[in-house]
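Residue numbers (our numbering): 342 to 506.
One structure is given below, encoded as C-alpha coordinates.
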(Lines of atoms letter the chains of each structure in order from A; the text may use other names.)
(Lines give C-alpha, C1' and ligand atoms only; values in the text may rest on other atoms or scores of the structure.)
Protein backbone atom coordinates (compact mmCIF):
# COMPACT_ATOMS: atom_id res chain seq x y z
CA UNK A 342 0.00 0.00 0.00
CA UNK A 343 2.83 2.43 0.88
CA UNK A 344 4.51 1.63 -2.41
CA UNK A 345 1.28 2.46 -4.30
CA UNK A 346 0.96 5.78 -2.46
CA UNK A 347 4.61 6.61 -3.25
CA UNK A 348 3.99 5.89 -6.94
CA UNK A 349 0.85 8.06 -6.92
CA UNK A 350 2.81 10.93 -5.30
CA UNK A 351 5.55 10.57 -7.90
CA UNK A 352 2.99 10.67 -10.74
CA UNK A 353 1.19 13.66 -9.17
CA UNK A 354 4.47 15.57 -8.74
CA UNK A 355 5.51 14.74 -12.30
CA UNK A 356 2.20 16.02 -13.65
CA UNK A 357 2.46 19.13 -11.49
CA UNK A 358 5.96 19.89 -12.78
CA UNK A 359 4.84 19.32 -16.37
CA UNK A 360 1.89 21.68 -15.95
CA UNK A 361 4.00 24.37 -14.24
CA UNK A 362 6.62 24.10 -17.00
CA UNK A 363 3.93 24.50 -19.66
CA UNK A 364 2.50 27.53 -17.87
CA UNK A 365 5.95 29.12 -17.53
CA UNK A 366 6.64 28.60 -21.23
CA UNK A 367 3.43 30.35 -22.26
CA UNK A 368 3.83 33.34 -19.92
CA UNK A 369 6.47 34.96 -22.19
CA UNK A 370 5.09 37.34 -24.81
CA UNK A 371 6.70 39.29 -27.63
CA UNK A 372 5.31 42.55 -29.03
CA UNK A 373 6.70 44.22 -32.14
CA UNK A 374 7.28 47.99 -32.14
CA UNK A 375 6.09 49.43 -34.49
CA UNK A 376 3.16 47.14 -35.07
CA UNK A 377 2.81 46.23 -37.86
CA UNK A 378 6.51 46.36 -38.76
CA UNK A 379 7.47 48.97 -41.37
CA UNK A 380 9.93 48.44 -44.23
CA UNK A 381 13.42 49.87 -43.66
CA UNK A 382 12.56 51.13 -40.16
CA UNK A 383 14.16 49.77 -36.96
CA UNK A 384 12.11 46.91 -35.54
CA UNK A 385 12.08 46.38 -31.78
CA UNK A 386 10.64 43.40 -29.93
CA UNK A 387 9.37 43.96 -26.38
CA UNK A 388 9.73 40.81 -24.30
CA UNK A 389 7.36 40.51 -21.35
CA UNK A 390 6.54 37.88 -18.74
CA UNK A 391 2.83 38.05 -17.93
CA UNK A 392 3.52 36.61 -14.47
CA UNK A 393 5.50 39.68 -13.38
CA UNK A 394 9.08 40.99 -13.42
CA UNK A 395 11.55 38.65 -15.06
CA UNK A 396 15.30 38.45 -15.56
CA UNK A 397 15.94 39.90 -19.05
CA UNK A 398 19.69 39.70 -19.80
CA UNK A 399 21.45 41.29 -22.75
CA UNK A 400 20.47 39.38 -25.88
CA UNK A 401 22.15 38.30 -29.10
CA UNK A 402 20.19 38.85 -32.31
CA UNK A 403 21.11 36.82 -35.39
CA UNK A 404 19.59 36.85 -38.86
CA UNK A 405 19.60 33.44 -40.46
CA UNK A 406 18.53 32.05 -43.81
CA UNK A 407 14.93 32.16 -45.02
CA UNK A 408 14.06 35.25 -42.96
CA UNK A 409 14.63 33.70 -39.51
CA UNK A 410 15.51 36.29 -36.87
CA UNK A 411 16.67 34.71 -33.61
CA UNK A 412 16.90 36.40 -30.21
CA UNK A 413 19.04 34.30 -27.84
CA UNK A 414 19.05 35.09 -24.13
CA UNK A 415 21.55 33.25 -21.94
CA UNK A 416 20.61 32.79 -18.28
CA UNK A 417 22.94 31.78 -15.45
CA UNK A 418 22.32 30.95 -11.81
CA UNK A 419 22.32 34.63 -10.84
CA UNK A 420 20.68 37.69 -12.33
CA UNK A 421 21.87 41.27 -11.74
CA UNK A 422 19.11 43.31 -10.06
CA UNK A 423 19.15 45.78 -12.98
CA UNK A 424 18.00 42.99 -15.31
CA UNK A 425 14.91 42.08 -13.25
CA UNK A 426 12.27 44.22 -14.95
CA UNK A 427 8.70 43.95 -16.20
CA UNK A 428 9.83 44.04 -19.86
CA UNK A 429 12.87 44.66 -22.01
CA UNK A 430 13.16 45.98 -25.57
CA UNK A 431 15.56 44.30 -28.00
CA UNK A 432 16.44 45.92 -31.35
CA UNK A 433 16.12 43.33 -34.14
CA UNK A 434 17.30 45.57 -36.99
CA UNK A 435 15.76 46.95 -40.19
CA UNK A 436 14.12 44.70 -42.77
CA UNK A 437 12.93 45.09 -46.34
CA UNK A 438 9.43 44.04 -47.36
CA UNK A 439 8.97 40.30 -46.91
CA UNK A 440 8.00 37.37 -44.69
CA UNK A 441 10.00 36.60 -41.56
CA UNK A 442 9.95 34.36 -38.48
CA UNK A 443 10.96 35.65 -35.04
CA UNK A 444 12.46 32.95 -32.80
CA UNK A 445 13.13 33.45 -29.08
CA UNK A 446 15.64 31.02 -27.57
CA UNK A 447 16.24 30.69 -23.84
CA UNK A 448 19.72 29.33 -23.10
CA UNK A 449 21.13 28.01 -19.80
CA UNK A 450 24.77 28.73 -19.05
CA UNK A 451 25.58 25.48 -17.27
CA UNK A 452 28.81 25.05 -15.31
CA UNK A 453 31.47 22.80 -16.86
CA UNK A 454 31.49 20.01 -17.90
CA UNK A 455 27.88 20.51 -18.98
CA UNK A 456 27.24 22.31 -22.29
CA UNK A 457 25.13 25.40 -22.81
CA UNK A 458 21.61 24.23 -23.65
CA UNK A 459 18.99 26.23 -25.53
CA UNK A 460 15.23 25.84 -25.89
CA UNK A 461 12.98 27.56 -28.41
CA UNK A 462 10.30 29.34 -26.37
CA UNK A 463 8.51 31.37 -29.08
CA UNK A 464 8.24 31.27 -32.87
CA UNK A 465 6.22 34.12 -34.37
CA UNK A 466 5.83 34.63 -38.11
CA UNK A 467 5.44 38.25 -39.21
CA UNK A 468 5.23 40.23 -42.43
CA UNK A 469 6.86 43.53 -43.27
CA UNK A 470 4.33 45.05 -45.71
CA UNK A 471 4.95 47.36 -48.64
CA UNK A 472 5.20 50.99 -47.58
CA UNK A 473 2.04 53.03 -48.18
CA UNK A 474 1.96 55.05 -51.40
CA UNK A 475 3.24 58.62 -51.20
CA UNK A 476 0.54 61.21 -50.63
CA UNK A 477 -0.25 63.49 -53.53
CA UNK A 478 -0.41 67.07 -52.32
CA UNK A 479 -3.82 68.69 -52.71
CA UNK A 480 -4.24 71.94 -54.64
CA UNK A 481 -4.94 75.08 -52.68
CA UNK A 482 -7.89 77.31 -53.59
CA UNK A 483 -5.51 79.57 -55.50
CA UNK A 484 -4.22 76.59 -57.48
CA UNK A 485 -7.76 75.45 -58.37
CA UNK A 486 -8.70 79.02 -59.45
CA UNK A 487 -5.58 79.24 -61.66
CA UNK A 488 -6.39 75.83 -63.21
CA UNK A 489 -9.99 76.89 -64.01
CA UNK A 490 -8.79 80.21 -65.44
CA UNK A 491 -6.29 78.35 -67.66
CA UNK A 492 -8.96 75.97 -68.97
CA UNK A 493 -11.35 78.88 -69.70
CA UNK A 494 -8.59 80.81 -71.51
CA UNK A 495 -7.64 77.79 -73.67
CA UNK A 496 -11.29 77.05 -74.50
CA UNK A 497 -11.88 80.72 -75.45
CA UNK A 498 -8.80 80.74 -77.68
CA UNK A 499 -9.87 77.46 -79.40
CA UNK A 500 -13.42 78.84 -79.93
CA UNK A 501 -12.06 82.12 -81.36
CA UNK A 502 -9.85 80.23 -83.83
CA UNK A 503 -12.76 78.03 -84.89
CA UNK A 504 -14.90 81.14 -85.70
CA UNK A 505 -12.12 82.65 -87.82
CA UNK A 506 -11.78 79.57 -89.96
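Backbone N, C-alpha and C fix where the C-beta goes; we use that ideal spot for every residue, glycine too.
What three-state label does DSSP hand residue i in the structure shown?
i: residue 422; result: helix
i: residue 479; result: coil
i: residue 368; result: coil
i: residue 515; result: Any answer about residue 515 is impossible in this case: the structure gives the chain only from 342 up to 506.
i: residue 499; result: helix
i: residue 434; result: strand
i: residue 405; result: coil
i: residue 484; result: helix
Quick one: is residue i buried, meaning 16 or more other Cβ sit within 10 Å of its Cβ, or exposed?
i: residue 397; result: buried
i: residue 401; result: exposed
i: residue 488; result: exposed
i: residue 411; result: buried
i: residue 414; result: buried
With DSSP as the reference, please indicate the residues paired to residue i in a beta bridge.
i: residue 416; result: 449
i: residue 471; result: Answer by DSSP bridge pairing: none, since residue 471 is not bridged.
i: residue 373; result: 386
i: residue 429; result: 388
i: residue 443; result: 410 and 465
i: residue 400; result: 414
* If we count Cβ pairs, one from each stretch, closer than 8 Å, do we get three or more for the stretch 416-436 versus the stretch 381-389? -> yes
* Kindly confirm or deny that the stretch 453-470 and the stretch 425-434 touch, where touching means at least three C-beta pairs closer than 8 Å. => no
* Any 3 or more C-beta pairs closer than 8 Å across the stretch 369-380 and the stretch 464-471 -> yes
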